[in-house]
Every structure is written in structure tokens, then in C-alpha cells.
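If you're matching positions, the sequence shown starts at 136 in the working numbering and goes up one per residue. Where a beta carbon is used, it is the ideal one built from N, C-alpha and C, also for glycine. From a predicted model like this one, the values you see are computed outputs, not experimental measurements. Here is the structure we will look at.
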Amino acid sequence: MRGHGTYVDEEKLVASVAGAVERVNKLVCVTPLKTRYNGEVGDIVVGRITEVQQKRWKVETNSRLDSVLLLSSMNLPGGELRRRSAEDELAMRDYLQEGDLISLVAVEVQSVFSDGAVSLHTRSLKYGKLGQGVLVQVSPSLVKRQKTHFHDLPCGASVILGNNGFIWIYPTPEQKDEEAGGFTTNLEPVPLSDREVISRLRNCVVALVTQKLMLFDTSILYCYEASLPHQIKDILKPEVMEEIVLETRQKLLDLEG
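Here it is in C-alpha cells:
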């Protein structure tokens, strides 16, 4: 059966886009390698606030339309539960303002509107404003869907793998402070050792994306380990990229085997 990304030519099924083939029973679809994010309920996304409007924020999430975060759909600082008042509406920029990076959960994509826009919420104290770190933008089709998209890697840094293709790499916090409701950002200087780990992870993600390998915690960690013999800046050289991604792919095959 013909699905998205395919067409019939002389009784043969042909791909209309370059991408990965997906089969569900007899239905064949092709997911394009480069695509905009299509929101689904339950997705973890990383977004940037683009506009503060009446009782809502507009959020850039790499989709065709800006996503919406309603004032009533987010935690107040401290996690207190109550109706939102006019004072809360006036204080919206104290919580989140234009340019802020936030980690959101999308089943919290409470809904996907008929035009494809996504409604977000931060009901859990786990989600909120992001502090020190590096943002890497990749194609959403390269981010593997998993039970959790928050990973503390043993190399000393953490990653949030947004389903929308926004990857956030940051120093692993020493203690999880969930009482602030996700609105206190740690802006302390990051030690050089942590910055080196984050830079290496960032270059590893770029290498995996260049070689079209799926992004998940294991592939990123294997790529990080394979890159250790090389200088951080050398990871972006085409021949080094190919070498470390080849080693990563082999380790993943051995793991599956």
C-alpha cells in the first residue's frame, strides 16, 4: 500500500523523497531525512520563546508554525497550584521572555491544532527554563523516539534530545533542584573541563548527523568514546568524522548482534 513519501510508477512503488523506509504491515512510507517537525502528543521538545502575548507565549520549535504555551498550562515558580490572576499575566516576562530557551513536554503537547500548530505545557517541575549549555539543531527525523529524552551521560555532561531536532547539551547538575519550578537558571561560570566535554559532545552530534546516524544516548556515547584519541577541533574534519562514525556504527551493530 502506498503511504507518505511514495508514488506508483508503472505498477512499481517509488520513493518521492530521500529518506528512511518505514513499513507497517503492508503500508510503506518514506520519512524524509530533512523535514520540519510535526508535533505528536507526548513529545519532548526544546524551544525558544519568540513572543509574549496575552496569556500565552509563542515558541519556536522547528515546526512550520510557532507553538503555543498558555499561561494556564505551565507551573508557577515553586510549583504552586492555583488559578492564574491578572498579576500573573503582568509578570509573564519575569517567568519567560523573548530569547529564553525552555525545555517543554508535548503531551503535554496538550493538543495539535487543525493547522498543525502545537500546544505545549510544562506541568511537571522537570521542565522549564534552560541555563548554561549548547544548542545543536538537527533534522527531527534523526532523533530516535525513546521512553526518556533526558540523559545524564557518564562522561560528565547531560543531553536533552528534543523530538523537534533541538539538542541541548549542558553540564550535569550536582543536585536536582526541582522546588524552583524550573525558573531559576544557573548562570555560574562553567569549568574548562566541563566545557571541553560539552564541545566534544557537540562535535560528535554534528559528526553523527553528517553521516546520517540516528541520535540517541548510546550512539552519542559510543561516538564520544571513539573521538577521544582526536583533538576536539579535529572531529569536524571529514576523514575523522567518517572514522569515528564508522567505529560507532560497528559498536551499535555488535550491541544489537
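Distance between residue j and residue i (C-alpha atoms, nearest Å)
{"i": "Pro289", "j": "Tyr359", "result": "11 Å"}
{"i": "Ser207", "j": "Val156", "result": "40 Å"}
{"i": "Glu175", "j": "Leu204", "result": "15 Å"}
{"i": "Val240", "j": "Gln366", "result": "Confidence is the limiting factor: at Val240 the pLDDT is only 45, short of 50, which leaves the residue's position unreliable, though a coordinate-based value still follows. For Val240 and Gln366, the distance between alpha carbons rounds to 36 Å."}
{"i": "Leu270", "j": "Phe248", "result": "27 Å"}
{"i": "Thr257", "j": "Gln188", "result": "17 Å"}
{"i": "Glu195", "j": "Ile184", "result": "6 Å"}
{"i": "Tyr340", "j": "Val325", "result": "Note that residue 340 is Val in the sequence shown, not Tyr. Each residue's Cα considered, the two are about 20 Å apart."}
{"i": "Leu225", "j": "Asn210", "result": "16 Å"}
{"i": "Glu309", "j": "Val152", "result": "45 Å"}
{"i": "Lys161", "j": "Met136", "result": "6 Å"}
{"i": "Arg335", "j": "Glu377", "result": "16 Å"}
{"i": "Ala221", "j": "Leu381", "result": "57 Å"}
{"i": "Lys264", "j": "Met227", "result": "13 Å"}
{"i": "Ile379", "j": "Arg219", "result": "51 Å"}
DSSP three-state assignment for residue i, whether helix, strand or coil
{"i": "Met227", "result": "helix"}
{"i": "Ile367", "result": "coil"}
{"i": "Cys339", "result": "helix"}
{"i": "Thr170", "result": "coil"}
{"i": "Lys347", "result": "coil"}
{"i": "Thr196", "result": "coil"}
{"i": "Ala252", "result": "coil"}
{"i": "Asp235", "result": "coil"}
{"i": "Ser362", "result": "helix"}
{"i": "Thr383", "result": "helix"}
{"i": "Ser202", "result": "strand"}
{"i": "Glu374", "result": "helix"}
{"i": "Tyr262", "result": "coil"}
{"i": "Leu388", "result": "helix"}
{"i": "Val242", "result": "Legend: pLDDT at Val242 = 40, less than 50; position of this residue unreliable, value from coordinates given subsequently. Looking at Val242 - three-state DSSP - the assignment turns out to be coil, as it is neither helix nor strand."}
Anticipated Cβ contact below 8 Å, residue i with residue j, distance rounded
{"i": "Ile295", "j": "Val143", "result": "About 41 Å; that fails the 8 Å criterion."}
{"i": "Leu168", "j": "Ser328", "result": "Not confirmed; about 35 Å, so no contact."}
{"i": "Ile302", "j": "Ala342", "result": "That belief does not hold up - the Cβ atoms of Ile302 and Ala342 are roughly 13 Å apart, past 8 Å."}
{"i": "Glu145", "j": "Glu186", "result": "Contact flag wrong, Cβ pair sits at about 50 Å."}
Where residue i falls, given that 16 or more other Cβ within 10 Å makes a residue buried
{"i": "Gly177", "result": "exposed"}
{"i": "Asp389", "result": "exposed"}
{"i": "Asp235", "result": "buried"}
{"i": "Ala361", "result": "buried"}
{"i": "Gly251", "result": "exposed"}
{"i": "Arg337", "result": "buried"}
{"i": "Val332", "result": "buried"}
{"i": "Val149", "result": "exposed"}
{"i": "Leu231", "result": "buried"}
{"i": "Leu322", "result": "exposed"}
beta-carbon residue i near the ligand GTP non-hydrogen atom, thresh 7 Å
{"i": "Ile367", "result": "Ligands displayed in this structure: none; no statement on the ligand GTP is therefore possible."}
Checklist entry - Touching or not, the segment 339-354 and the segment 276-289, by the rule of three or more beta carbon pairs under 8 Å? => result Three or more Cβ pairs drawn from the segment 339-354 and the segment 276-289 lie within less than 8 Å of each other, which places the two stretches in contact.
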